[in-house]
Structure formats: C-alpha cells, structure tokens
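Numbering (our numbering), first residue to last: -7 to 71.
Below you'll find the structure, written out as structure tokens, and then a few comments.
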Amino acid sequence: MTTAVTRPHTVTSPAYPTKGEPAMHLAYERKPLSERLKDAGCPGELVYNPTEGRQLVRMPDGEELTPGKAADRYRIPVL
C-alpha cells in the first residue's frame, strides 16, 4: 500500500488496497479491568451485587466502588 504526502499533515491513500496488497488490520488486546486493578495493587475484589445488578469492587474495609471509581483511585485508564 503506497501513500503520498501532498502537504504537511495530509496523507492520501487508496480507499481499498489494490490486488496483491495486504489490507491493514490494527488490533490491540488489553487485560480485563479486574486484572489491571490487581496489577496496580488494588486490594479489593470484584463481586456481583444483586440489589444493584452490577459488578462492584469490594475493598477490605467493606467500601464498595464501581469499577470506574476504583480505576480512578488507582490511576488506571479505563478506555
């Protein structure tokens, strides 16, 4: 696949690869949030709360956090 730079920060390329050229495929796999929390040192465990109908992170002191709030506390990017 060839690309031509016509102006600074402008890249033109064919919309579809021509015959014989490989198509570009980008993929990135990440660990689940529960594993990333453990790797960051979060002492809590992921539990299901049936009254709220969702997963929560239960800390050793009994505090329950949403996975997003736990990720914020341990500075883990969610997306």
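Every residue gets a Cβ at the ideal spot worked out from N, C-alpha and C, and that includes glycine.
- Item | Burial state of V70, where buried means 16 or more other Cβ atoms lie within 10 Å | Sixteen is the threshold: since fewer than 16 other Cβ atoms of the shown chains lie within 10 Å of the Cβ of V70, the residue is exposed.
- Query: Short check: CB of R28 to CB of V39, under 8 angstroms?
  - Reply: No, the Cβ-Cβ distance between R28 and V39 is not below 8 angstroms.
- Query: Among K30, N41 and R22, which has the Cα closest to the Cα of A62?
  - Reply: The option with the nearest alpha carbon to A62 is K30.
- Quick one: using the 10 Å Cβ neighbour count with 16 as the cut-off for buried, is P42 buried or exposed? Label assigned to P42: exposed.
- Could you tell me the boundaries of the beta strand (DSSP E) in which E37 lies? Element bounds for E37: E37 to N41.
- Query: Can you tell me whether DSSP reads E56 as helix, strand or coil?
  - Reply: DSSP places E56 in strand when its eight states are reduced to three.
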